[in-house]
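*Asks:* Sharing a structure with you now.
Residue numbers (the UniProt record's numbering): 1 to 111.
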C-alpha cells in the first residue's frame with residue numbers, strides 16, 4: 001500500500017485565518033507587483049481574494065498589503081513590512097513542520 005500525507009497549517013488570533021492561500025497571494029504580489037495578477041494566476045476570484053485577505057488582516061490586526069490605484073504611473077501593490085515579516089516566520093515554521101512531519105510519517109508508515 002502506498003500512502004502519502006498532507007499538512008494544512010493556518011495561524012491567527014481568534015481564528016486560523018493566515019495560511020497557504022494568503023501566502024500564495026503574497027508571493028504572487030511579490031512576483032508581479034499586482035494583487036489582481038496574483039489572484040488571477042491562482043484562478044481565484046477577486047471577491048475570494050479580498051475575503052481571505054480581509055479576514056486575515058482583521059484577525060491578525062495588521063495590514064498585509066498597500067495598494068496604489070492606477071493613474072499615469074499605473075497601479076501597484078506591495079507587501080507591508082509587517083506582512084513580509086509574517087511571511088518569513090510562516091515559511092520558516094512550515095519548513096520545520098514539514099521536516100518533522102516527514103520524520104513522523106517515515107517512522108509510522110514505512111517498513
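A virtual CB, placed ideally from N, CA and C, is assigned to each residue, including glycine.
Values in this document were obtained by computation on a predicted structure and should not be read as measured data.
Looking at C-alpha atoms only, which residue of 50, 98, 33, 3 is the closest neighbour of residue 75?
*Replies:* For the purposes of this step, residue 75 is identified with residue 75 of the chain shown, where counting begins at 1. Among 50, 98, 33, 3, the Cα nearest to that of residue 75 is on 33.
*Asks:* Looking only at its own chain, which residues have a Cβ that is under 6 angstroms from the Cβ of residue 13, when we skip the five neighbours before and after it?
*Replies:* Residue numbering aside, residue 13 sits at position 13 when the chain shown is read from its first letter. Here the set comprises 59.
*Asks:* Could you tell me the distance, in whole angstroms, from the CA atom of residue 102 to the CA atom of residue 69?
*Replies:* The residue you call residue 102 lines up with position 102 of the chain shown. The residue you call residue 69 lines up with position 69 of the chain shown. Roughly 44 angstroms between the two C-alpha positions.
*Asks:* Count the C-beta pairs between the region 97-111 and the region 27-47 that are closer than 8 angstroms, then say yes if the count reaches three, no if not.
*Replies:* no
*Asks:* For residue 65 versus residue 52, is the C-beta spacing smaller than 9 angstroms?
*Replies:* One-based indexing of the chain shown puts residue 65 at position 65. One-based indexing of the chain shown puts residue 52 at position 52. No. Outside cutoff.
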